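Worksheet for the structure shown next.
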Amino acid sequence: MTVVSFQNVSKSFGDRQVLTDITFDVPQGQVVSLIGPSGAGKSTLLRCVNQLDRHTSGSISVAGQQISPSCRQRDLIQLRRHVGMVFQSFNLWPHLSAIGNVMEGPVTVLGKPRAQAREQAAALLEQVGLSAHADKYPGQLSGGQQQRVAIARALAMQPKVMLFDEATSALDPEMVQEVLGVMEKLAESGMTMLVVTHEMAFARRIGHRVLFMVDGQIVEDEKPEAFFTAPATERGRTFLSRALPA
Amino acid sequence: MVNWHFVAHIMPRLLRACGVTLEISVAALVMATCLGLCIALARLSSVRAVSLLAWGYVWILRGTPLLLQLFAAYYAVPQSGFRLDPWSAGILTLGLNSAAYFSEIFRAAIQSVPSGQAEAAAAVGLAPFQIMRRIVLPQALKPALPPYVGQAITLIKNSSLVSVIAVPDLMLTAQSIYSVTFKVTEVMVATGILYLAITTVLQIAQAWIERRLSYYTVR
């Protein structure tokens, strides 16, 4: 079953074209690494999946729901229930405790009873190794811990697909591993994932597939082994020679 | 020198008048807070006409003297056939006027919340009004509080202007006492103390709320 499908999707901000004619399908359970130089449109592509950025033309379908450039707010809310997103800067809500952050979606969006949402949130925090910190506020947690709470927050909506927008870029090096570890476990559990990352070793290890983007286009769509050992394009070779220290 | 016996003598009467000032101020404050929030949200609306309307409101109410607005409400409005008693005119004018200032305070506070906060809420599936109520407004409370209390204090002091349309508030009562007794110093000292007492309560409340709101930012 296809979870995410892009058909000839383009996106421009004003007269600046950031995505050009993007077409790809992601089957259920696949982990896709999106890589490429900065400014290539990786984050914008990711943000088009849950429509934080609206695309300008083409069609997107997520978990069976068709999204057109003109669809209504109600459709977007419906769409976002099925898509979890993790941001580079965590964006945890500082006025809510860790468990409060995780409970917010189920309680406010899905109308779950608080007790039931709390139970589920506690289980998710355990899954990301933060049971001991459930009642702490984001300001009292380290970056790595905050990002793991953010992952639990996204998972609380039981999404069909998870988006990771440079989830480890803002972290101190010693905290990167704890977040990557959680992501890897999630991938093994069969979650469909789109991962924008600058961690090449991680992209290669976790991904079932690599989308290499340059200038708003998908230039290569390969298995990680193929892309990382023998990129088909000149742009791919140049990028890898810069991104991977010899 | 201040005749403190006389101050003590007029205190009961001034305290009763204080009740009038408090009543008018609280009513105007409640009205201005609710209306101010609505205007702030209207100002931030993506619908241009709505935003423009809110801008126009602030432009006019903030750009003309409160005294003029009071006279307009009490003397000019009745000419169009809608009579307002002094109390209503006073509360309404103070409320409408302060709402303009409050709306700007709320707007600035709302805009100070990083956009990633609303974005994360949208990504979870919250609707725009849920994002405002659950995520943005609670975080806007803290930056809004100091200017809000400042403006509330201004409102209380400005309420003394309703004396010009014959509302028997603290200021009018004070005037009527010294115009008979000529003990201006005593009356002004006593009245000043009472205004200061009211505004001090607000400042204490501010300090208390600020402490309550700061717990989650501990690093």
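Residue numbers (my numbering), protein chains in the order written: chain U, 1 to 246; chain P, 1 to 219.
The beta-carbon is built from N, C-alpha and C at its ideal position, and this holds for glycine as well.
Since this is a predicted model, take the numbers as computed values, not measurements.
Under the three-state reduction of DSSP output, residue 3(P) falls in the coil class, being neither helix nor strand. Distance between residue 162(P) and residue 70(P), taken at the CA atoms: about 7 angstroms. Note that the C-beta distance between residue 49(U) and residue 194(U) is below 8 angstroms. If you draw a 10 Å sphere on the C-beta of residue 15(U), you find fewer than 16 other C-beta atoms in it, and that means exposed.
The Cβ-Cβ distance between residue 96(P) and residue 24(P) does not fall below 8 angstroms.
CA-to-CA, the gap between residue 198(U) and residue 83(U) works out to about 22 angstroms. Taking every protein chain shown into account, the CB of residue 151(P) has 16 or more other CB atoms within 10 angstroms, so this residue is buried. Using a CB distance below 7 angstroms, the part of the region 83–94 of chain U facing chain P consists of 85, 87, 89, 91, 93 and 94, ordered along the chain.
Per DSSP, the continuous beta strand (DSSP E) segment holding residue 58(U) begins and ends at 57–62.
For residue 31(U), DSSP records a beta bridge to 193(U).
Here residue 163(U) is bridged, per DSSP, to 85(U) and 194(U).
Rounded to whole angstroms, the Cβ separation of residue 127(U) and residue 59(U) is 34 angstroms, and the two are not in contact under 8 angstroms. For residue 146(P), not one C-beta of chain U is nearer than 8 angstroms to its own C-beta.
Using a CB distance cut-off of 8 angstroms, residue 135(P) counts as an interface residue toward chain U. For residue 178(U), the enclosing alpha helix (DSSP H) stretches over residues 173–188. Under the Cβ criterion of 8 angstroms, residue 171(U) is not counted among the residues facing chain P.
Contact check for residue 196(U) against residue 166(U) passes: the beta carbons are separated by less than 8 angstroms. The three-state reading of DSSP puts residue 85(P) in coil, since its state is none of H, G, I, E or B. By the neighbour-count criterion, in which 16 or more other beta carbons inside 10 Å mark a residue as buried, residue 104(U) falls on the buried side.
With respect to residue 31(U), residue 207(U) sits close: the two C-beta atoms are nearer than 8 angstroms. Apart from sequence neighbours up to five positions away, the residues of its chain that approach residue 86(U) with a beta-carbon distance below 8 angstroms are 147, 150, 151, 154, 162, 163, 164, 165 and 167, ordered along the chain. According to the DSSP secondary-structure assignment, residue 47(P) is paired through a beta bridge with no residue. Under the Cβ distance rule, residue 111(P) does not count among the residues neighbouring chain U, no pair being separated by less than 8 angstroms. At a beta-carbon threshold of 8 angstroms, none of the residues of chain P lie near residue 60(U); the nearest stands roughly 16 angstroms away. Taking C-alpha positions only, residue 118(U) is separated from residue 119(P) by approximately 23 angstroms.
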